[in-house]
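Colleague:
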Amino acid sequence: CPEDAWQPLSDEDEALSPTMADFKHEDVESLYEMLENLGSGHFGVVKKCREKSSGSYYASKFIKTRKCKGSRLGLDREQVEREVSILQQLQHPSIMRLHDVFASKAEMVLILELISGGELFDFIAEKEALSEAEAIEFLEQILEGVAYMHSHHIAHFDLKPENIMLLEKSMPNPKIKIIDFGLAQKIEAGVTFKSLCGTPQYVAPEVINYEPLTSATDMWSIGVITYILLSGISPFQGETDSETLTNVVSGNYEFDDRYFKETSEMAKDFIRELLVKEPKDRMTAVECLVHPWIKPLNRKQAVN
Ligand SMILES: COc1cc(-c2ccc3ncc(-c4cccc([C@@H](O)NCCN(C)C)c4)n3n2)ccc1O
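Pasting the structure below:
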């Protein structure tokens, strides 16, 4: 069959992984009209689409799957099934919603909530840096989504401004959506999870040292994101990935006055309590939400 023809799963494929039963096996284009490409990345291609039965618009994420175990092309089915299983457990305003899933022999398609405001990364780039009030607006939403995810024993493991999108950026108080759960994992008590995946600028020291990862690994990334929201620069960025990773492992960062002279001590304290080498000593998402910078006790504390 031509590469892009819809090739239904065989019975043995479906028997191989029972969760595949959750996936629809008919051609996705029999139920959804595919529209323009929205973008692409390591995960595959994202297209805008319209559900024929309801007329509603969604984003469809096409993921090529490996034809055989040894293949370097495409993602493992189990990896995509894990992402789908995780997304099916999460219903929160700050986390993009999964609407439908399809599987064929060569690819899987996730039908997702359409997010039209672009990436937080681009929003910051246009403004260089945000005011503390603007940063807090975004961070509160991100922290509420992360606290919810962590309460369900799920860690994202790839939190970065590119994976935080704005529902509609023209609104005065844009709503955010956390996307791309391709590296997310269920954190099981007593089960150690290690991985070398992630983006150098945002990964925590335990990722680089190949030590157990936990929900605290996400909190390090939140510290990096906060630093970037307030300054427009990245705390550990080196000339090369290797230099960046060295900076991360050594915890080597500073609040350069050229970028932080207007930043409150409270905001810097918030970042300091996240960029802590020892995972168990970092603030949790719930602790962040009641940190005086995010939730001042009174007007006086708010302006300090
Ligand atoms: C579930 O995982 C993903 C969801 C999405 C997603 C979900 C809803 C949604 N509505 C609009 C878009 C969209 C719009 C423009 C560009 C892109 C995408 O190519 N880049 C998004 C961020 N990227 C760095 C992961 C995606 N998306 N993207 C993108 C990547 C994912 O790995």
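Residue 332 in the numbering used here sits at position 102 of the sequence shown; the count goes up by one each step and never skips. All residues carry an ideal CB built from backbone N, CA and C; glycine is no exception.
#1: Tell me the DSSP bridge mates of residue 330?
#2: Decide if the stretch 477–497 is in contact with the stretch 330–350; the criterion is three or more beta carbon pairs, one per stretch, under 8 Å apart.
#3: For residue 387 and residue 413, which I take to be in contact (beta-carbon distance under 8 Å), what is that distance rounded to the nearest angstrom?
#4: In chain order, what are the residue ranges of uninterrupted alpha helix (DSSP H) at least 4 long that sit wholly in the stretch 440–524?
#5: With 16 other CB atoms within 10 Å as the buried threshold, where does residue 401 fall?
#6: Hey, would you say residue 290 sits closer than 8 Å to residue 331, going by beta carbons?
#7: Have a look at 516, 489 and 376 and flag the residue whose alpha-carbon is nearest the alpha-carbon of residue 394.
#8: From residue 508 to residue 390, what distance separates their C-alpha atoms?
#9: With residue 289 as the anchor, note down where its beta strand (DSSP E) starts and where it stops.
#10: Using the C-alpha atoms, what's the distance from residue 457 back to residue 501?
#11: Is residue 378 helix, strand or coil by DSSP?
#12: Alpha carbon to alpha carbon, how far is residue 286 from residue 328? Give it in angstroms, no decimals.
#13: Exposed or buried, what is residue 318 when buried is set at 16 or more other beta-carbons lying within 10 Å of its beta-carbon?
#14: From what residue to what residue does the alpha helix (DSSP H) around residue 406 run?
#15: CB-CB under 6 Å to residue 307, same chain, minus the five flanking residues each way: which ones, in chain order?
#16: Is residue 410 near ligand 1, judged by its Cβ being under 7 Å from some heavy atom?
Modeller: From the atom records:
#1: Here residue 330 corresponds to residue number 100 of the sequence shown, with the count starting at 1. DSSP output for residue 330 lists 341 as bridge partner(s).
#2: As far as the Cβ criterion goes, the stretch 477–497 does not touch the stretch 330–350, which means the pair count is below three.
#3: On the sequence shown, residue 387 is found 157 positions in, with the first residue counted as 1. On the sequence shown, residue 413 is found 183 positions in, with the first residue counted as 1. Between residue 413 and residue 387 the Cβ distance is about 4 Å, and since that is below 8 Å, they are a contact.
#4: Within the stretch 440–524, the complete alpha helix (DSSP H) runs of at least 4 residues are 445–461, 471–479, 487–490, 495–502 and 515–519.
#5: On the sequence shown, residue 401 is found 171 positions in, with the first residue counted as 1. Classification for residue 401: exposed.
#6: Translated into positions along the sequence shown, residue 290 becomes position 60. Translated into positions along the sequence shown, residue 331 becomes position 101. The Cβ atoms of residue 290 and residue 331 lie no closer than 8 Å to each other.
#7: If you number the sequence shown from 1, residue 394 lands on position 164. If we check each option's Cα against that of residue 394, 376 comes out closest.
#8: Position 278 of the sequence shown, counted from the start, is the residue given in the question as residue 508. Position 160 of the sequence shown, counted from the start, is the residue given in the question as residue 390. Roughly 20 Å between the two C-alpha positions.
#9: Translated into positions along the sequence shown, residue 289 becomes position 59. Unbroken beta strand (DSSP E) run through residue 289: 287–294.
#10: The residue labelled residue 501 in the question sits at position 271 within the sequence shown. The residue labelled residue 457 in the question sits at position 227 within the sequence shown. Their Cα atoms are separated by approximately 7 Å.
#11: Locating residue 378 in the sequence shown gives position 148, where the first residue counts as 1. Looking at residue 378 - three-state DSSP - the assignment turns out to be helix.
#12: Translated into the one-based positions of the sequence shown, residue 328 becomes position 98. Translated into the one-based positions of the sequence shown, residue 286 becomes position 56. So the two alpha carbons sit approximately 14 Å from each other.
#13: For the purposes of this step, residue 318 is taken as the residue at position 88 of the sequence shown. Residue 318 comes out exposed.
#14: The sequence position of residue 406 within the sequence shown is 176, counting from 1. Per DSSP, residue 406 is not a residue of any alpha helix (DSSP H); the beta strand (DSSP E) it occupies stretches across 406–408.
#15: Counting from one through the sequence shown, the residue named residue 307 turns up at place 77. Closer than 6 Å at Cβ, skipping near neighbours: 295.
#16: The sequence position of residue 410 within the sequence shown is 180, counting from 1. Flag set: Cβ of residue 410 near ligand 1.
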